[in-house]
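What follows is a set of notes on a single structure, which appears directly below.
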Amino acid sequence: MKIRFDDDEKDAAIDLTPMIDVVFQLVVFFMLATQFAEQEKEMDVDLPSSEAGQLAEKLPDELIINVLKDGKVIVDGNELDDTALRTTLTRVAERDVKIPINIRGDKDVRHECIVSVMSACGVVGLTNLQIGTIEEGG
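Number 626 in this note's numbering belongs to position 76 of the sequence shown; there are no gaps in the numbering.
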(Lines of atoms letter the chains of each structure in order from A and count residues from 1; the text may use other names and numbers.)
(Lines give C-alpha, C1' and ligand atoms only; values in the text may rest on other atoms or scores of the structure.)
Protein backbone atom coordinates (compact mmCIF):
# COMPACT_ATOMS: atom_id res chain seq x y z
CA MET A 1 0.00 0.00 0.00
CA LYS A 2 1.38 3.32 -1.03
CA ILE A 3 0.65 6.38 1.12
CA ARG A 4 0.53 9.68 -0.70
CA PHE A 5 1.25 13.03 0.93
CA ASP A 6 -0.14 16.23 -0.43
CA ASP A 7 2.40 18.95 -1.02
CA ASP A 8 0.22 21.38 0.98
CA GLU A 9 0.58 19.33 4.13
CA LYS A 10 4.36 19.26 3.87
CA ASP A 11 4.61 23.06 3.76
CA ALA A 12 2.14 23.74 6.58
CA ALA A 13 3.81 25.50 9.50
CA ILE A 14 2.83 27.83 12.30
CA ASP A 15 4.25 31.33 12.08
CA LEU A 16 5.53 32.28 15.56
CA THR A 17 6.64 35.79 14.61
CA PRO A 18 3.49 37.59 15.87
CA MET A 19 3.64 35.73 19.19
CA ILE A 20 7.31 36.62 19.65
CA ASP A 21 6.51 40.28 18.89
CA VAL A 22 3.76 40.34 21.53
CA VAL A 23 5.95 38.69 24.17
CA PHE A 24 8.74 41.16 23.47
CA GLN A 25 6.33 44.10 23.83
CA LEU A 26 5.09 42.73 27.15
CA VAL A 27 8.63 42.34 28.46
CA VAL A 28 9.43 45.96 27.55
CA PHE A 29 6.17 47.18 29.11
CA PHE A 30 6.79 45.45 32.43
CA MET A 31 10.39 46.64 32.55
CA LEU A 32 9.27 50.26 32.09
CA ALA A 33 6.33 49.93 34.51
CA THR A 34 8.68 48.68 37.21
CA GLN A 35 10.98 51.65 36.66
CA PHE A 36 8.14 54.15 37.14
CA ALA A 37 6.99 52.46 40.36
CA GLU A 38 10.49 52.76 41.82
CA GLN A 39 10.62 56.47 40.94
CA GLU A 40 7.34 57.02 42.80
CA LYS A 41 8.74 55.37 45.92
CA GLU A 42 11.93 57.40 45.71
CA MET A 43 10.11 60.74 45.48
CA ASP A 44 11.23 63.27 48.08
CA VAL A 45 8.45 62.83 50.63
CA ASP A 46 9.38 63.11 54.32
CA LEU A 47 7.29 60.24 55.70
CA PRO A 48 6.14 60.14 59.32
CA SER A 49 7.67 57.53 61.61
CA SER A 50 5.83 54.67 63.29
CA GLU A 51 6.74 51.95 65.79
CA ALA A 52 3.87 49.70 64.73
CA GLY A 53 4.49 49.94 60.99
CA GLN A 54 5.31 46.85 59.00
CA LEU A 55 7.70 46.61 56.10
CA ALA A 56 5.51 46.48 53.03
CA GLU A 57 6.36 43.95 50.37
CA LYS A 58 6.93 45.33 46.90
CA LEU A 59 3.83 44.79 44.82
CA PRO A 60 4.18 45.20 41.06
CA ASP A 61 0.62 46.39 40.57
CA GLU A 62 0.26 48.84 43.46
CA LEU A 63 -0.67 52.46 42.83
CA ILE A 64 1.49 54.96 44.68
CA ILE A 65 -0.03 58.33 45.57
CA ASN A 66 2.38 60.92 46.95
CA VAL A 67 1.01 63.87 48.93
CA LEU A 68 3.65 66.59 49.21
CA LYS A 69 4.13 69.04 52.07
CA ASP A 70 2.16 71.75 50.25
CA GLY A 71 -0.80 69.37 49.63
CA LYS A 72 -0.04 68.60 45.97
CA VAL A 73 -1.03 65.08 44.92
CA ILE A 74 1.38 63.27 42.59
CA VAL A 75 0.48 60.04 40.76
CA ASP A 76 2.79 58.52 38.13
CA GLY A 77 4.89 61.70 38.15
CA ASN A 78 1.89 63.94 37.35
CA GLU A 79 0.37 66.52 39.66
CA LEU A 80 -3.37 65.93 39.90
CA ASP A 81 -6.19 68.11 41.16
CA ASP A 82 -9.23 66.55 42.87
CA THR A 83 -11.09 65.92 39.60
CA ALA A 84 -8.10 64.35 37.84
CA LEU A 85 -7.38 62.21 40.93
CA ARG A 86 -10.94 60.84 40.96
CA THR A 87 -10.75 60.15 37.22
CA THR A 88 -7.49 58.25 37.67
CA LEU A 89 -8.83 56.30 40.65
CA THR A 90 -12.02 55.45 38.73
CA ARG A 91 -9.95 53.96 35.89
CA VAL A 92 -7.91 51.94 38.40
CA ALA A 93 -11.08 50.68 40.13
CA GLU A 94 -12.57 49.62 36.79
CA ARG A 95 -9.54 47.36 36.22
CA ASP A 96 -9.35 45.92 39.75
CA VAL A 97 -10.92 47.18 43.00
CA LYS A 98 -8.50 45.09 45.06
CA ILE A 99 -5.36 46.82 43.76
CA PRO A 100 -3.19 48.04 46.65
CA ILE A 101 -3.07 51.83 47.03
CA ASN A 102 0.00 53.19 48.83
CA ILE A 103 -0.60 56.74 50.11
CA ARG A 104 2.74 58.37 50.92
CA GLY A 105 1.97 61.62 52.72
CA ASP A 106 4.62 64.03 53.93
CA LYS A 107 4.71 64.18 57.73
CA ASP A 108 4.09 67.95 57.63
CA VAL A 109 1.10 67.85 55.25
CA ARG A 110 -2.30 68.79 56.64
CA HIS A 111 -4.28 65.75 57.72
CA GLU A 112 -7.15 67.01 55.57
CA CYS A 113 -5.14 66.31 52.38
CA ILE A 114 -4.54 62.67 53.30
CA VAL A 115 -8.18 62.19 54.29
CA SER A 116 -9.24 63.72 50.96
CA VAL A 117 -7.17 61.16 49.04
CA MET A 118 -8.51 58.32 51.20
CA SER A 119 -12.05 59.56 50.64
CA ALA A 120 -11.54 59.71 46.87
CA CYS A 121 -10.33 56.08 46.98
CA GLY A 122 -13.36 55.01 49.02
CA VAL A 123 -15.83 56.75 46.72
CA VAL A 124 -14.69 54.72 43.71
CA GLY A 125 -14.53 51.45 45.70
CA LEU A 126 -10.79 51.14 46.35
CA THR A 127 -10.40 49.88 49.92
CA ASN A 128 -6.98 48.18 49.97
CA LEU A 129 -5.17 51.25 51.32
CA GLN A 130 -1.72 51.52 52.88
CA ILE A 131 -0.22 54.58 54.56
CA GLY A 132 3.50 55.02 53.96
CA THR A 133 5.67 55.49 57.07
CA ILE A 134 9.28 54.96 58.03
CA GLU A 135 10.60 52.97 60.96
CA GLU A 136 10.78 54.93 64.25
CA GLY A 137 14.16 56.61 64.51
CA GLY A 138 14.87 55.97 60.80
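Glycine included, each C-beta is placed from N, C-alpha and C at the ideal position.
Where does the unbroken alpha helix (DSSP H) through residue i begin, and where does it stop?
i      : result
Ile664 : His661 to Val673
What is the DSSP secondary structure of residue i, counted as helix, strand or coil?
i      : result
Leu676 : coil
Val617 : strand
Leu630 : strand
Val695 : Since the first and last residues shown for the chain are 551 and 688, residue 695 lies out of range.
Val642 : helix
Val625 : strand
State the Cα-Cα distance for the pair residue i and residue j, rounded to the nearest angstrom.
i      : j      : result
Arg636 : Ala670 : 6 Å
Gly682 : Gly655 : 7 Å
Thr567 : Val578 : 17 Å
Asp632 : Lys648 : 22 Å
Glu644 : Gly627 : 21 Å
Asp620 : Cys663 : 9 Å
Leu618 : Leu679 : 18 Å
Residue j and residue i - do their beta-carbons sit closer together than 7 Å?
i      : j      : result
Val625 : Thr638 : yes
Val667 : Ile684 : no
Leu676 : Ile651 : yes
Val642 : Leu613 : yes
Thr640 : Val665 : no
Let's see if you can read the secondary structure: which residues bound the beta strand (DSSP E) around residue i?
i      : result
Gly655 : Ile651 to Gly655
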